[in-house]
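Numbering (full-length UniProt numbering), first residue to last: 1 to 613. Just so it is clear, CB atoms sit at the ideal spot from N, CA and C, and this is done for glycine as well. One structure is given below, encoded as structure tokens.
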């Protein structure tokens, strides 16, 4: 597929989730009944009322509305006269009876606002800390907050472009509430609701809507959560709030490309999609007929072919099929075979789902420093790359885990620390008891190339073991294959220690690299060019990396070589990815993870564009 992510320089602190049962004190959260809030040392911006806002929640030009006086006067006046009269008085800059309208500096009525804010943010540790640290001063509900409000509502209006659940933020409802404020308590509750909505949006657009581990056990990626108190404090202090909001989203260029691809595909869906599916299992150059016309029409709609009315599978159509096959990671022979037609017949809605899921996955990685040099392993693309300063400098095909619950390759990031040349293979316990023990119970000499070892690491003769006497739970031996050309790990493995015991390695089973779908391993990643990968990794620390590697290899001895500088490794799962030119590449959802993720996104409220009638 296309170039991996460019390096992100935004260092993000990992935030551990705190328990929901947080003990709240009167000093830093909700004010207890009867307790007064701190009295501001300087006059604060006056609160908004409905006369100050238009339907979008944006401050209107209502003339000289600077006011002074007691808050008790204003709300006492509201209780004594109709709301309309009070609004008219506020618009004129005076209170009922001709006196000046009050400010919010009056301490007694600040209690109601602060109490409401504290109650409204009490369940969010970050927001509670933020407001407590500023004595519950508002950031949304005064006349001075107009630019901040406008920037946030504009961001909510474009949330759909990010593939976010728009209804979750209820922008229309928030706007409407600004036009109905009648008390300091109502203003405080709205202040809190605005911040809760802001926190939800900031969370979703920066680090994703979903919690990966709740969707699939193979989604073990740790998300670099941001500290909400720091995040909203930065927003409150930002001179350019709109820019601050834009910067919450991933900075990777592929994210912006995916947003454009989503927009383009939405337009195609609205215009009727890509037409009828191709009614064939295979089409070859030189053929003609209705199925060829359907193939031509569909590739034209996708942008692979110019306009033509030819019913023949001509050279132009063959080249279009080849380009499509390249973009889909298929054998590019120009023949529309079963696999090619299956991909061509995917609906635009299905491709849209892949784009939305890819955007979510990029949000999960937002804030991770990929590394100036890193290894990018895309499970669905069956490929591994070394990326130096945003450019691919090495690439190889791979084999990944089988599509079984305990063998799917997980998604995570780590640091490659070493390689082992002439590795032995310590057979995982699960493989020993699930695969080899039944074989040895039938035939004690099965898998004779793998040694039986006891708890002290000593080789045990098979003739001394009654395999039938053991079960998977009671089998006391381990299995180990010594270094050799036929070793299951080949002649080199690349380690980035992790809880799942996943690594990259060579393999004696070279024929599997010629398959289109390469899901054959127990979970680790087999690489097609292991020696070349080793040379590339050793280049920064060895004058002649190839000679250095071959010299160790020739000894036949198991040797660990540590990398002077560990290299970040990112195991990812993208079925939709943009090329440098902006064209989209798609891959098979080999583990069904994208389908599960998209279903979860839909459940959360993310919507697909509607196909036009």
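Identify whether residue 424 lies in helix, strand or coil by the three-state DSSP scheme. Residue state, collapsed to three classes: coil.
Strand pairing of residue 365, partner residues [DSSP]: Paired residues: none, contrary to the question.
Taking the alpha-carbon positions, what's the residue 196 to residue 515 distance? Straight through space, the alpha carbons of residue 515 and residue 196 are spaced by roughly 50 Å.
Based on Cα-Cα distance, which residue from 551, 407, 524, 258 lies nearest to residue 623? Absent from the model: residue 623. The displayed extent of the chain is 1 to 613, so no value can be given.
Would you check if the region 580–598 and the region 128–146 touch, i.e. whether three or more CB-CB distances between them fall below 8 Å? No: fewer than three Cβ pairs fall under 8 Å.
Would the region 586–598 and the region 349–362 be scored as touching if the rule is three or more Cβ pairs under 8 Å? Taking 8 Å as the limit for Cβ pairs, the verdict is that the region 349–362 does touch the region 586–598.
Range of the contiguous alpha helix (DSSP H) that encloses residue 434: Residue 434 -> no alpha helix (DSSP H), and no H or E assigned at all.
Here's the rule I'm using: 16 or more other beta-carbon atoms within 10 Å means buried, otherwise exposed. How should residue 589 be labelled? By the neighbour-count rule (16 or more Cβ atoms within 10 Å), residue 589 is buried.
Compute the distance between the beta-carbons of residue 320 and residue 304, then report whether it is under 8 Å. A contact, by the Cβ cut-off of 8 Å.
My output table needs one value for residue 574: the three-state DSSP class, helix, strand or coil. It is coil, neither helix nor strand.
For residue 478, write down the residues that DSSP places opposite it in a beta bridge. Listed as beta-bridge partners of residue 478 by DSSP are 453.
Should residue 439 be labelled buried (16 or more other beta-carbon atoms within 10 Å of its own) or exposed? Answer is exposed; the Cβ neighbour count stays below 16.
Would you say residue 204 touches the ligand HEM, meaning its beta carbon is less than 7 Å from a heavy atom? The ligand HEM is not part of this structure, which contains no ligands at all.
Please work out which residues of its chain come closer than 7 Å, Cβ to Cβ, to residue 177, disregarding the five sequence neighbours upstream and downstream, and give them in chain order. Within the same chain, residue 177 has close Cβ partners 190.
Nearest by alpha-carbon distance to residue 340: which of 306, 352, 361, 277 is it? Of the candidates 306, 352, 361, 277, the one whose C-alpha sits nearest the C-alpha of residue 340 is 277.
What does the alpha-carbon distance come out to for the pair residue 597 and residue 238? Approximately 34 Å, taken between the alpha carbons.
With a 10 Å radius around its C-beta and 16 neighbouring C-beta atoms as the bar for buried, classify residue 292 as buried or exposed. Under this definition residue 292 is a buried residue.
What is the DSSP secondary structure of residue 378, counted as helix, strand or coil? Here residue 378 sits in strand by DSSP.
Pairwise C-alpha distance: residue 549 and residue 542: Counting only the Cα atoms, residue 549 lies some 9 Å from residue 542.
Which stretch, first to last residue, makes up the beta strand (DSSP E) that contains residue 558? Element bounds for residue 558: n/a, residue is neither H nor E.
Taking the Cβ atom as the reference point for each residue, do residue 527 and residue 384 lie within a distance shorter than 8 Å? Yes, Cβ-Cβ distance for residue 527 and residue 384 is below 8 Å.
Cβ neighbour criterion (16 or more within 10 Å) applied to residue 521: Here residue 521 is buried: its Cβ has 16 or more other Cβ atoms, across all protein chains shown, within 10 Å.
In whole angstroms, give me the CA-to-CA distance for residue 240 and residue 144. When rounded, the distance between both Cα atoms is 14 Å.
Under the rule that 16 or more other beta-carbon atoms within 10 Å means buried, what is residue 328, buried or exposed? Residue 328 counts as buried, since no fewer than 16 other beta carbons sit within 10 angstroms of its beta carbon.
What's the call for residue 214, buried or exposed, on a 16-neighbour Cβ count within 10 Å? Its Cβ having fewer than 16 others within 10 Å, residue 214 is exposed.
Can you tell me whether residue 599 is buried or exposed? The criterion is at least 16 other CB atoms within 10 Å of its CB, across all chains shown. Exposed, since its Cβ has fewer than 16 Cβ neighbours within 10 Å.
Whole-number beta carbon distance between residue 153 and residue 175, since they are thought to touch under 8 Å: 7 Å between Cβ atoms; contact.
On a CA-only basis, which of 458, 557, 251, 491 is nearest residue 477? Give me that one, please. It is 458 whose Cα lies nearest to the Cα of residue 477.
Using 8 Å for Cβ pairs, my map puts residue 481 next to residue 450. What's the rounded Cβ distance? That belief holds up - the Cβ atoms of residue 481 and residue 450 are roughly 5 Å apart, short of 8 Å.
DSSP-derived helix/strand/coil call for residue 586: Of the three classes helix, strand and coil, the one that applies to residue 586 here is strand, per DSSP.
Should the region 196–211 be called in touch with the region 241–249, which here means at least 3 C-beta pairs below 8 Å? A contact exists between the region 196–211 and the region 241–249.
Helix or strand or just coil, what does DSSP make of residue 386? In the structure shown, residue 386 sits in a strand (DSSP, three-state: E or B).
Counting only the same chain and skipping the five closest in sequence on each side, list residues whose C-beta sits under 6 Å from that of residue 379. Here the set comprises 400, 409, 573.
For residue 121 and residue 330, what's the separation of their Cα atoms in angstroms? Between the C-alpha atoms of residue 121 and residue 330 there is a straight-line separation of about 52 Å.
At which residue ranges does the UniProt domain "L,D-transpeptidase scaffold" (127–261) contain complete alpha helix (DSSP H) runs of 4 or more residues, listed in the order of the chain? Runs of the alpha helix (DSSP H) lying entirely within the UniProt domain "L,D-transpeptidase scaffold" (127–261), each at least 4 residues long, are 146–157, 171–178, 184–207, 212–215, 228–237, 241–246 in chain order.
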